[in-house]
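J.: Have a look at the structure that comes next, please.
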Amino acid sequence: MNSLRYDLLRDEYVIIAPNRLHRPDMVYEIKTKYPKICPFCPGNENMSEKEILRFNEYGKWVLRVVPNKFRSLAIENPYYFKEYEAGAYGAHEVIIDTNRHIKFFEFEKKEFINLFKAIKLRYNDLKNDVKLKHFICFKNEGIKAGATQSHPHTQILALPIIPIFKIKEFDRYRAFFEENGKTIFKKYLEIEDLVIFENDEFTALLPKASKFAFEIRIINKKGIDFSEEKLAEVFEFLKIMPKIIGEFDFNIIFNFPPLGENGEWFNFNIEFIPRLFGIAGGEFGGIYTNVVAPEMAKKAFDDFGN
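To convert, take the position in the sequence shown, counting from 1, and add 5; that gives our numbering.
In structure tokens:
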């Protein structure tokens, strides 16, 4: 049965409409070719700019962080604010996740750990710049998810402003913490029961008000700081997903509190968003429709494990 469902974290409604799953236009293809020469593979280091960070093993790099060659923000840009304009000051970086040209779900556990360690290091470094207010970290894999390079990589944006919708979101989270003495994420974990994986630090679940088919929210139960190894365990488990739904493109968003805040009212969390179907006018108009009920997705995980 179709239903409107409310998402406590996003403060919005979603339509869950499994009856629309079998419409003939639900599956779409995008035909785009990646560059023939990969700028992120070993031997092509001269195709990227000066390194910000590098992890080495046995005399060879296994992870690199470089400025985005086509960056939208830069520390070198002027910092200023006018009535309807601000300088494009900030950071736009690329984490080259591994020296291997593979898919994300082909990572070894050590490669997951390296990536999460690099994200933490860049977050902690960028928050030292008092001009920077907001940290965005995301991964696009596949054309449907917006990736322009097939080599596994993650992007970082550090902004001198906080987007309006994030200001409202953060204000809600702070107010909830002040009124209830616990984070909104702890409340969320109390009401969401479609859990697919859990260890002593993280819970991975299918939100009941999922915007996207097979969307997953991963929440650190302990707060902001996290163990890279414990988080790697979550993604080691998620390697089963291509076996459940086939190869798919996806986005991952790593959510942190504003730069410069201790964030006691916040829990580090991750949104994992498969891009199985397109979005259309209804979504741009203000409400998302998910054609795969999260209960159906949970059953797929359960059936695979049995």
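Glycine included, every Cβ here is placed at the ideal spot set by N, Cα and C.
This structure is a prediction, so every number in the text was calculated from the model and none was measured.
Could you tell me whether the stretch 46-61 touches the stretch 238-248, using the rule of 3 or more Cβ pairs below 8 Å?
T.: Flag = no, the stretch 46-61 and the stretch 238-248 do not touch.
J.: Can you name the residues that DSSP bridges to residue 101?
T.: On the sequence shown, position 96 is the one that residue 101 refers to. Answer is 69, 158.
J.: Among all the DSSP beta bridges, which residues are the ones paired with residue 59?
T.: Along the sequence shown, read from residue 1 onward, the residue named residue 59 stands at position 54. Residue 59 is bridged to 69.
J.: Taking the straight line between their C-alpha atoms, what separation do you get for residue 234 and residue 112?
T.: As a working note, residue 234 is residue 229 in the sequence shown. As a working note, residue 112 is residue 107 in the sequence shown. Their Cα atoms are separated by approximately 14 Å.
J.: Spell out the partners DSSP gives residue 127 in its beta bridges.
T.: Residue mapping note: residue 127 aligns to position 122 of the sequence shown, counting from 1. According to DSSP, which records beta bridges pairwise, residue 127 is partnered with nothing at all.
J.: Starting from residue 12, trace the beta strand (DSSP E) in both directions and tell me its first and last residue.
T.: In the sequence shown, counting from the first residue as 1, residue 12 sits at position 7. From DSSP, the beta strand (DSSP E) with residue 12 extends over 8-12.
J.: With DSSP as the reference, label residue 165 as helix, strand or coil.
T.: As a working note, residue 165 is residue 160 in the sequence shown. DSSP places residue 165 in coil when its eight states are reduced to three.
J.: Let me confirm a value: residue 9 is counted as buried when at least 16 other C-beta atoms fall within 10 Å, else exposed. Which label applies?
T.: As a working note, residue 9 is residue 4 in the sequence shown. Exposed, since its Cβ has fewer than 16 Cβ neighbours within 10 Å.
J.: Assuming residue 165 contacts residue 268 (C-beta within less than 8 Å), just tell me the rounded distance between them.
T.: Counted from its first residue, the sequence shown places residue 165 at position 160. Counted from its first residue, the sequence shown places residue 268 at position 263. Not quite, the Cβ-Cβ distance comes to about 19 Å (not below 8 Å), so this is no contact.
J.: With a CB to CB cut of under 8 Å and the five nearest residues on each side skipped, what residues in its chain are close to residue 192?
T.: On the sequence shown, position 187 is the one that residue 192 refers to. 13, 181, 185, listed in sequence order.
J.: Assign residue 31 to one of three DSSP states: helix, strand, or coil.
T.: In the sequence shown, residue 31 corresponds to position 26, counting from 1. Interpretation of residue 31 is limited by its pLDDT of 49, a score under 50 that renders its predicted location unreliable; the figure taken from the coordinates is listed afterwards. Residue 31: coil per DSSP, three-state reduction.
J.: On the three-state DSSP scale, how would you describe residue 15?
T.: Along the sequence shown, one-based indexing puts residue 15 at 10. Coil.
J.: Whole angstroms are fine: how far does the CA of residue 197 sit from the CA of residue 122?
T.: Here residue 122 is taken as the residue at index 117 of the sequence shown, counted from 1. Here residue 197 is taken as the residue at index 192 of the sequence shown, counted from 1. Between residue 122 and residue 197, the C-alpha separation is close to 28 Å.
J.: Just verifying my parser: in three-state terms, what is the DSSP assignment at residue 47?
T.: The residue labelled residue 47 in the question sits at position 42 within the sequence shown. Reduced to three states, the DSSP call for residue 47 is coil.
J.: Just mark residue 215 as buried or exposed, buried being the case when its beta carbon has 16 or more other beta carbons within 10 Å.
T.: Counted from its first residue, the sequence shown places residue 215 at position 210. Buried, since its Cβ has 16 or more Cβ neighbours within 10 Å.
J.: Please report the residue range of the beta strand (DSSP E) in which residue 94 lies.
T.: Residue numbering aside, residue 94 sits at position 89 when the sequence shown is read from its first letter. Counting along the chain, residue 94 falls outside any beta strand (DSSP E), and DSSP gives it neither H nor E.
J.: Do you know whose CA, among 6, 11, 19, 7, lies nearest residue 291's CA?
T.: Here the question's residue 291 lines up with position 286 in the sequence shown. Residue 19 is the option with its Cα nearest to residue 291.
J.: Do residue 60 and residue 1 come within 8 Å of each other at the CB atom, strictly closer than that value?
T.: Coverage of the chain is limited to positions 6 through 311, which leaves residue 1 absent and any answer about it impossible.
J.: Under 8 Å by Cβ, that's how I've got residue 255 and residue 150 pegged, so tell me the actual separation to the nearest angstrom.
T.: Position 250 of the sequence shown, counted from the first residue, corresponds to residue 255. Position 145 of the sequence shown, counted from the first residue, corresponds to residue 150. The pair is a contact, with the Cβ atoms about 6 Å apart (cut-off 8 Å).
J.: For the candidate residues 42, 159, 15, 218, whose alpha-carbon lies nearest to that of residue 108?
T.: The residue labelled residue 108 in the question sits at position 103 within the sequence shown. Comparing Cα-Cα distances from residue 108 to each of 42, 159, 15, 218, the minimum goes to 159.
J.: Using a Cβ-Cβ cutoff of less than 7 Å, which residues in the same chain neighbour residue 11 once the five nearest sequence positions on both sides are dropped?
T.: On the sequence shown, position 6 is the one that residue 11 refers to. Same-chain partners within the cutoff: 18, 214.
J.: Given a cut-off of 8 Å on the beta-carbon distance, is the pair residue 71 and residue 57 in contact?
T.: Translated into positions along the sequence shown, residue 71 becomes position 66. Translated into positions along the sequence shown, residue 57 becomes position 52. Cβ atoms of residue 71 and residue 57: closer than 8 Å.
J.: Work out the CA separation of residue 115 and residue 100 for me, nearest whole Å.
T.: The residue given as residue 100 occupies position 95 in the sequence shown. The residue given as residue 115 occupies position 110 in the sequence shown. Rounded to whole angstroms, residue 100 to residue 115 spans 15 Å at the Cα level.
J.: By Cβ distance below 8 Å, which residues in the same chain neighbour residue 203 in space, the five residues on each side in sequence not counted?
T.: Locating residue 203 in the sequence shown gives position 198, where the first residue counts as 1. Excluding positions up to five away in sequence, the list reads 209.
J.: Could you tell me the alpha carbon to alpha carbon distance between residue 264 and residue 110, rounded to whole angstroms?
T.: One-based indexing of the sequence shown puts residue 264 at position 259. One-based indexing of the sequence shown puts residue 110 at position 105. The straight-line gap from Cα to Cα measures roughly 30 Å.
J.: May I ask you to list the residues that DSSP assigns as paired with residue 79?
T.: As a position in the sequence shown, residue 79 is number 74, starting the count at 1. Answer by DSSP bridge pairing, in chain order: 94.
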